[in-house]
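S.K.:
4 protein chains.
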Amino acid sequence: MRKIGLVQTKDQIADVLREYVISGRLIPEQEIIQEELAEQLKLSRTPVREALQLLEKEGYLERLPNRHMRVRATTLDEIARALKIIAEIEYELMEVILARELDISGLNEIFGKYMNACGAERIDQARIHEFEIHRAVSETTGFGYLANLHQRLLAGYPGYVIMNSEKGPADRVEGIKRIMEYLILKKKPELKAAVDKYYFDLAVCYGILTGP
Amino acid sequence: MRKIGLVQTKDQIADVLREYVISGRLIPEQEIIQEELAEQLKLSRTPVREALQLLEKEGYLERLPNRHMRVRATTLDEIARALKIIAEIEYELMEVILARELDISGLNEIFGKYMNACGAERIDQARIHEFEIHRAVSETTGFGYLANLHQRLLAGYPGYVIMNSEKGPADRVEGIKRIMEYLILKKKPELKAAVDKYYFDLAVCYGILTGP
Amino acid sequence: MRKIGLVQTKDQIADVLREYVISGRLIPEQEIIQEELAEQLKLSRTPVREALQLLEKEGYLERLPNRHMRVRATTLDEIARALKIIAEIEYELMEVILARELDISGLNEIFGKYMNACGAERIDQARIHEFEIHRAVSETTGFGYLANLHQRLLAGYPGYVIMNSEKGPADRVEGIKRIMEYLILKKKPELKAAVDKYYFDLAVCYGILTGP
Amino acid sequence: MRKIGLVQTKDQIADVLREYVISGRLIPEQEIIQEELAEQLKLSRTPVREALQLLEKEGYLERLPNRHMRVRATTLDEIARALKIIAEIEYELMEVILARELDISGLNEIFGKYMNACGAERIDQARIHEFEIHRAVSETTGFGYLANLHQRLLAGYPGYVIMNSEKGPADRVEGIKRIMEYLILKKKPELKAAVDKYYFDLAVCYGILTGP
DNA sequence: GTGGTCTAGACCACA
DNA sequence: GTGGTCTAGACCACA
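Read top to bottom, the protein sequences are chains X, Y, R and W. For the first sequence, the working numbering assigns the number 1 to the initial residue and increments by one for each residue that follows. For the second sequence, the working numbering assigns the number 1001 to the initial residue and increments by one for each residue that follows. For the third sequence, the working numbering assigns the number 2001 to the initial residue and increments by one for each residue that follows. For the fourth sequence, the working numbering assigns the number 3001 to the initial residue and increments by one for each residue that follows.
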């Protein structure tokens, strides 16, 4: 059953803005003014301020000496490195799954849905399931420190590329299949390589997506 | 910009259960036990109870003499009549838009996205946009009494059919186009007929979806 | 016989407040504070909160960005449109009665009492019976989705006008008689027209009631 | 020179609480009550709440269904894996330094001070410099996404072990020397191995520190 | 500081 | 046994 819980206003704001930055709708060096934003969203400044601070921590925004906020220029190189780290974290979480022999039936179920959606060429559905597969990894471990990190990093560039890349899920289907296969077979070195390759391919997709 | 606001736990619960009832995952006469549900969702009884009461009001659940709650059997006839009323309400809201000459650029924007998604055969994307078009009608009027009703009714069967019918958005694209056209041209009688026909078709889709 | 069942505190609270709003005792933009209200009524905050949420859903109250509740300004136009929708729903329910050949002896009985009260010029008694006639329609169908809607909408403006309009039940007696007659004779188009006219007259009464 | 900037109250609170958790002064499952904490610290609830949310994100605290916060039980295994990730990130940042041929004179300066303090057996001074060396890595790159992550992760277990481990900086002096040497010589594979080993040793120190 | 929402736990009413 | 109602206490959001 779908996860139900507290949804905070500030997280909703952060989600929207993060997407705008990643997708280029907000361009580097563009200033973000708290009060304007609050007015546009018909919200008070408190949750807006908290959302901006979160995005600053995540590296999407930066604070000028005059304390204004603006969109940070993020290089492709930087994103590629970040994706490398996410791959590292995701593999680490998978090692936890293997080490503790955790139940991966939830993961498998989503994987099944993903394969079906790919087969039926329901691309947008497949994108959602692809994203959920990754999220299910950290949900399976329930591993505070790293799982939290994984979820937050995932919501950034990887999430955007998965949901929007022209090279659709079909182009990554082999990668996902390999990952699931090696995870089930507990072949660690192959799993590591497969996860690394998957995220490397994502980086390539992002490069294509946003141009040189 | 995406709508941001307070998301109440009880509404999330209601959304999940409503979908389960409509989709048949919860079958008629099946009993819903407050406390069990609360435990499954790891929530306290208060929001669960409020969600159940909401669904009772909406007609998805009914209360037995012993105060237990169970899923109501809903006939196709009943759903068809409900869809007729929604069509009526939606047209009424459109009349408000015309009478007050409200700005429909938001509606038009979503309509454009819908047409694009249809053209690109991104079915699931088109479904989402189709649903948003309807929602945008009541958001444009900001008309408390009826708009509220519209939004809530929309979240029920219409929403489910739009998001899940085998006959996809492409089959309804002509209907949507006609509605938008007549709305822009302010041709009231034709608009009324187009809205009625659109919802009649939805009822047919639901019948096909769930079988006889 | 009058339906007997559990009367929830929150519904009682909602009934009182709804009448206050409709009658103008609570004026638009006036703020309603949960805690104050709870204290005045010597109740805890929970049922009060639930009543306020109900009234928000019904469009009598609205939530400010600071989460306070206040009385919504409702235009005559809006009420007129809502009455049109109730007429639509009531007719739809009558169609169900006809289609399923449901037993309308209960309806007839109340109609008889209403006529008697009118004849005897017992105005207040007639008002009550007039209201009950409408309610009996949805009780006859026992039709979850729409019946619920009907009952709730009925409790709003129509109920208030019926119970309070200067132009008393005597002025609407012809309308009621026509409706019952066409219902018994199963003359659908005439019935539809009669129901529409009845509610149109109610809207006029409300306009008169509250002034231009 | 030490970076000077705005120090936010909430970060100071978070720093204190983080140390309490890591050091065991706050034990797992112990509940943290916002209001109590605010009162003890003679601060308003807002910064306290923000600090608690930060620590929840970092995995030191967790939220119970009743919305209370409590200290999370963190296993040694979990910490070891987190340290592996930090090593990965720190190496990635060093690669950036090499790729962009950034000026590492600041890093070298701190390294010099560290070596002096070690030589003079001024242990506490050495601990501070050791910590600063790491921090200087992400400050040299000024690399939003990863640098931020590095700084925050560094403030957790690594920082604590460096500042408190019984096996003092002297025991890690060889590790630090190797890292600096390979960084200057731009020997990437050796550098990677050296960083990994350094953080592995830290994990061992923490294990010793807290017992089996 | 105020109001809204949720949790936990208690008791009552009904079948 | 199930649901309704209430209290006390916690957190979230806004001013």
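Every residue gets a Cβ at the ideal spot worked out from N, C-alpha and C, and that includes glycine.
1) Using a Cβ distance threshold of 8 Å, determine whether the stretch 2070-2080 of chain R contacts the stretch 2019-2033 of chain R, with at least three qualifying pairs required.
2) Could you check which residue in W:Arg-3100, W:Gln-3151, W:Ile-3097 and W:Lys-3084 has the C-alpha nearest to that of W:Ala-3194?
3) With a cut-off of 8 Å, do at least 3 Cβ pairs link the stretch 1151-1162 of chain Y to the stretch 1173-1182 of chain Y?
4) Can you tell me whether DSSP reads Y:Val-1007 as helix, strand or coil?
5) Count the other C-beta atoms from every protein chain shown that fall within 10 angstroms of the C-beta of W:Asp-3103, then say buried if there are 16 or more, exposed otherwise.
6) I'd like to check one pair, Y:Leu-1202 with Y:Ser-1165: are the Cβ atoms closer than 9 Å?
7) Closer than 9 Å, CB to CB, is X:Leu-41 near chain W or not?
8) Spatial neighbours of X:Phe-131 within its chain, please: CB distance less than 7 Å, with the 5 preceding and 5 following residues excluded, ordered by chain position.
9) Quick check on DSSP: helix, strand or coil for W:Ile-3184?
10) Could you check how far apart the C-beta atoms of R:Ala-2136 and R:Leu-2093 are, in whole angstroms? I think they sit under 8 Å.
11) What distance in whole Å lies between the Cβ atoms of Y:Glu-1056 and Y:Glu-1050, which are believed to be in contact at a cut-off of 8 Å?
12) Cβ closer than 8 Å: which chain Y residues qualify as neighbours of X:Arg-25?
13) Measuring alpha carbon to alpha carbon, tell me which residue in W:Asp-3196, W:Thr-3075, W:Glu-3035 and W:Ile-3133 is nearest W:Gly-3059.
14) From Y:Leu-1191, Y:Ala-1099, Y:Arg-1067 and Y:Pro-1065, pick the residue whose C-alpha is nearest to that of R:Asp-2077; which is it?
15) Counting only C-beta atoms, is X:Arg-122 closer than 9 Å to chain Y at any point?
16) Under DSSP, the alpha helix (DSSP H) around Y:Glu-1050 begins and ends at which residues?
17) With X:Leu-61 as the anchor, note down where its beta strand (DSSP E) starts and where it stops.
18) Would you say W:Glu-3121 and X:Glu-88 are within 9 Å of each other, going by their C-beta atoms?
19) Tell me the residue span of the alpha helix (DSSP H) that contains R:Arg-2072.
20) State the start and end residues of the unbroken alpha helix (DSSP H) segment that holds R:Gly-2106.
21) Under 9 Å between beta-carbons, which chain W residues line up against X:Ala-193? List them in chain order, please.
22) Closest to Y:Arg-1067 by CA distance: which of Y:Gln-1053, Y:Gly-1144 and Y:Lys-1192 is it?
23) So, helix, strand or coil for W:Glu-3031, using DSSP?
24) Determine the contact status of Y:Val-1007 and X:Val-7, defining contact as a CB-CB distance below 9 Å.
25) Determine, using beta carbons only, whether W:Arg-3152 comes closer than 9 Å to chain X.
26) With a threshold of 9 Å between beta carbons, is X:Tyr-20 in contact with chain W?
27) Out of R:Ala-2080, R:Ser-2023, R:Gln-2012 and R:Arg-2127, point me to the one whose CA is closest to R:Phe-2200's CA.
28) Label R:Ile-2022 either buried or exposed according to how many other C-beta atoms from any shown protein chain fall within 10 Å of its C-beta, with 16 as the threshold for buried.
29) Within a Cβ cutoff of 7 Å, which residues of the same chain sit near X:Lys-186, ignoring the five residues on either side of it in sequence?
30) So with Cβ pairs under 9 Å, would you call X:Gly-5 a contact of chain Y?
31) What is the residue span of the alpha helix (DSSP H) that X:Arg-241 lies within?
32) For a contact meaning CB atoms closer than 8 Å, what does Y:Thr-1074 contact in chain R?
33) Does any CB atom of chain X fall closer than 9 Å to the CB of Y:Gln-1034?
34) For X:Gln-125, which residues of its own chain have a beta-carbon under 6 Å away from its beta-carbon, when the five flanking residues on both sides are left out?
35) Would you check if the distance between the CB atom of W:His-3129 and the CB atom of W:Glu-3090 is smaller than 9 Å?
M.R.: Let me lay it out:
1) Contact holds between the stretch 2070-2080 of chain R and the stretch 2019-2033 of chain R, because three or more Cβ pairs, one in each stretch, are under 8 Å apart.
2) When only C-alpha atoms are compared, the closest one is W:Lys-3084.
3) As far as the Cβ criterion goes, the stretch 1151-1162 of chain Y does not touch the stretch 1173-1182 of chain Y, which means the pair count is below three.
4) The answer is coil: DSSP assigns Y:Val-1007 none of H, G, I, E or B.
5) W:Asp-3103 should be labelled exposed.
6) With contacts defined as CB atoms closer than 9 Å, Y:Ser-1165 and Y:Leu-1202 qualify as a contacting pair.
7) No, X:Leu-41 lies away from the interface with chain W (no Cβ there is under 9 Å from its Cβ).
8) Excluding residues up to 5 positions away in sequence, Gly-159, Ile-162 and Met-163 lie with their Cβ nearer than 7 Å to the Cβ of X:Phe-131 in the same chain.
9) Annotated three-state conformation of W:Ile-3184 is helix, per DSSP.
10) Going by Cβ atoms, the distance from R:Ala-2136 to R:Leu-2093 rounds to 10 Å, so no, they are not a contact pair.
11) Contact doesn't hold; Cβ gap of about 11 Å is too wide.
12) From the beta-carbon of X:Arg-25, no residue of chain Y is found nearer than 8 Å; the closest lies around 10 Å away.
13) The candidate whose alpha carbon is nearest that of W:Gly-3059 is W:Thr-3075.
14) Considering only alpha carbons, the answer is Y:Ala-1099.
15) Yes, X:Arg-122 counts as interfacial toward chain Y.
16) Counting along the chain, the alpha helix (DSSP H) containing Y:Glu-1050 begins and ends at 1045-1058.
17) Taken as a continuous stretch (DSSP letters only), the beta strand (DSSP E) holding X:Leu-61 covers 61-63.
18) Inclusion of W:Glu-3121 and X:Glu-88 in the CB contact set at 9 Å is not warranted, their separation being larger than that value.
19) Here R:Arg-2072 belongs to no alpha helix (DSSP H), and DSSP marks it neither H nor E.
20) Element bounds for R:Gly-2106: 2105-2119.
21) Per Cβ cutoff of 9 Å: no residues; X:Ala-193 is ~16 Å from chain W at best.
22) It is Y:Gln-1053.
23) If DSSP states are grouped into helix, strand and coil, W:Glu-3031 belongs with the strands.
24) The answer is yes: Cβ separation under 9 Å.
25) Residue contact with chain X for W:Arg-3152: present (Cβ-Cβ distance below 9 Å to some residue of chain X).
26) So, not an interface residue.
27) R:Phe-2200 has its Cα closest to that of R:Ala-2080, out of R:Ala-2080, R:Ser-2023, R:Gln-2012 and R:Arg-2127.
28) Under this definition R:Ile-2022 is a buried residue.
29) Cβ contact annotation for X:Lys-186 (same chain, cutoff 7 Å, sequence separation greater than five): Leu-98, in chain order.
30) Yes, because at least one Cβ of chain Y sits closer than 9 Å to the Cβ of X:Gly-5.
31) What the structure shows of chain X is the stretch from 1 to 212, and residue 241 of chain X is not part of that stretch, so it cannot be assessed.
32) Correct list: Gly-2144 and Tyr-2145.
33) Not closer than 9 Å to any Cβ of chain X, the Cβ of Y:Gln-1034 fails to qualify, so no.
34) Excluding residues within five positions, the ones whose Cβ falls inside 6 Å are Ala-117.
35) Cβ distance not < 9 Å, so W:His-3129 and W:Glu-3090 don't count as in contact.
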